[in-house]
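Engineer:
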RNA sequence: GGCGGCGUAGCCAAGUGGUUAAGGCGGAGGUCUGCAAAACCUCUACUCUCCGGUUCGAGUCCGGACGCCGCCUCCA
């Protein structure tokens, strides 16, 4: 088998082949930084993080670019409402997002370009489009002339006639065609603006991505990603701009993640039904969100609810349960059982890889990881030699790492309670030795209330944080 | 209205037309344990929204109905 990837452009799974051998160029649309990011943004970033990790695991080098839209209508409006410079506002939310990237355990992109830092390239690209007759200027605005793009609508499956007919867009009489869209917007007083051949103004939304891709990745890229809400108009327009300018197909594979749903609706800023990344991380560990994303296919919608969060938390705990230090020291089990363990793990590992090769089927892949979890526990029950179990655990840890999951919860910084907890456990075990069960149980219950879970095994007492 | 997607157990969710429909969560019973917890074992969808069709054979392909979601306006 070879890597398969679903391509929105063809609406089919296709065999993944890169333009340059062993190098993947991937551009993923990032957020417009006018407000706090929510878990839906995180879902998208996580989905492409996993794709990238798997490609890297397969031996590819990935050149990964994610943009920040740091100038647009919403940012300007927001800045006006709060009476702050929109550029500074963007700066603040970019800072927050950068922290989320670290907190969520996302691999850092190769470059994080910002619209405001790409203005000369954006202007150059627009000039190129104007020179080729694909764009026209009117009173300081520049519009893309959609009718010059013969295959406009190919990504989203739309036809121009139908779009003109059912135009819900407020028609700007100055445009040649209602479907034409802005490449450059003339500045209004007090707005951030840059000088251009058409007067002072700022870029339209779609053009920044075309310009950034051109600069940071080239005329053609392997994967272009983003949420499926961007298919139209954003990605359709990007294709129109880039391909009209270069005469080449922009991206080989268009990959789109499904939307995070909250209470049966898409999570979005405009509806206001959202949970910010900050809120989520204040209550849960980052890997819980990763587990939620891994638990269903990236192209499907993902339901966010108390119950799905709890389920993901428990599932993560289950995965990690197989990685606890091996305490059994018997080692008396026969070699046949050890071989059996290795065989089962190898079979699961192959199924895991096959699932991932099939359009990054993380939910299927996770299922095979849980099979490994079970056989590790079985091996422990059977008293297999510790070194055989440890090597099985190494396999599991490695595959979890491919998905970006950590094998244990990161320790809280500056927490020095461990020594005290162990002191209490020692005291409790003395009480147990004296069969003073009531007192011993009280210590266990009180620690449980504090989030510390005590487990008495034959080999001794262990504890962990809930 | 146009385009796209989805409907699998109490919940989440995978599923190349073909032996017993993954896995997780939850639940029930058992083993272990002073009691727990964890782990292990057993059980928890004779059936994949419904109705037709193609086929020797369909959750999987085709048509239709119903329901839900996304995009068509800023959106990951």
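Numbering (the numbering used here), first residue to last: 116 to 581.
Ideal Cβ positions, reconstructed from N, Cα and C, are used throughout, including at glycine.
1. Taking the straight line between their C-alpha atoms, what separation do you get for residue 369 and residue 146?
2. Tell me, please, whether the segment 164 to 180 touches the segment 189 to 198 by the rule of three or more beta-carbon pairs shorter than 8 Å.
3. Leaving out the 5 sequence neighbours to the left and right, which residues in its chain are closer than 6 Å to residue 410 when beta-carbon positions are compared?
4. What residues match up with residue 179 in a beta bridge as DSSP calls it?
5. Would you call residue 316 buried or exposed, if buried means 16 or more other Cβ atoms sit within 10 Å of its Cβ?
6. In the DSSP output, which residue or residues are listed as bridge partners for residue 258?
7. Using a Cβ-Cβ cut-off of 6 Å (strictly less than) and excluding sequence neighbours within five positions of residue 184, which residues of its own chain qualify?
8. Within 10 angstroms of its Cβ, does residue 386 collect 16 or more other Cβ (buried), or is it exposed?
9. Which same chain residues, not among the five before or five after residue 470, have their C-beta less than 6 Å away from its C-beta?
10. Exposed or buried, what is residue 290 when buried is set at 16 or more other beta-carbons lying within 10 Å of its beta-carbon?
11. On the DSSP bridge assignment, give the partners of residue 369 in chain order.
12. Which residues in the same chain as residue 452 place their Cβ atom closer than 8 Å to its Cβ, once the five residues preceding and following it in sequence are excluded?
13. Let me check understanding here. Comparing Cα to Cα, which of 171, 143, 124 and 119 lies closest to residue 519?
14. Considering only the alpha carbon of each residue, which of 249, 151 and 511 lies closest to residue 260?
15. Taking C-beta to C-beta, are residue 343 and residue 388 nearer than 8 Å?
16. Can you check which of these residues, 132, 419 and 459, is closest to residue 379 by C-alpha distance?
17. Let's test the definition: count the other Cβ atoms within 10 Å of the Cβ of residue 247 and tell me whether it reaches 16, buried, or not, exposed.
18. So, with DSSP's three-state summary, where would you put residue 135?
19. How big is the Cα-Cα spacing for residue 238 and residue 311?
20. Report the option in 560, 428, 124 and 492 whose CA atom is closest to the CA atom of residue 441.
Structural biologist: In short, the structure shows the following:
1. Computed Cα separation, rounded: 18 Å.
2. No: the two stretches stay apart, fewer than three of their Cβ pairs being nearer than 8 Å.
3. Taken in chain order, the residues that qualify are 478.
4. In the DSSP output, where bridge partners are listed per residue, residue 179 has 141.
5. For residue 316, the number of other beta carbons within 10 angstroms of its own is at least 16, and it is reported as buried.
6. Paired residues: 251 and 297.
7. Here the set comprises 147 and 230.
8. Classification for residue 386: exposed.
9. Here residue 470 has 476, 479 and 480 as same chain residues with Cβ atoms under 6 Å from its own Cβ, once five neighbours each way along the sequence are excluded.
10. So residue 290 ends up on the buried side.
11. Within the DSSP secondary-structure output, residue 369 pairs in a beta bridge with 339.
12. Around residue 452, the same chain offers 494, 497 and 499 as residues with beta carbons nearer than 8 Å, after the five sequence neighbours per side are excluded.
13. When only C-alpha atoms are compared, the closest one is 171.
14. For residue 260, the nearest C-alpha among the options comes from 249.
15. No. Outside cutoff.
16. It is 419.
17. It counts as exposed.
18. Looking at residue 135 - three-state DSSP - the assignment turns out to be strand.
19. Going from the Cα of residue 238 to the Cα of residue 311 covers about 7 Å.
20. Ranking the options by Cα distance to residue 441, first place goes to 492.
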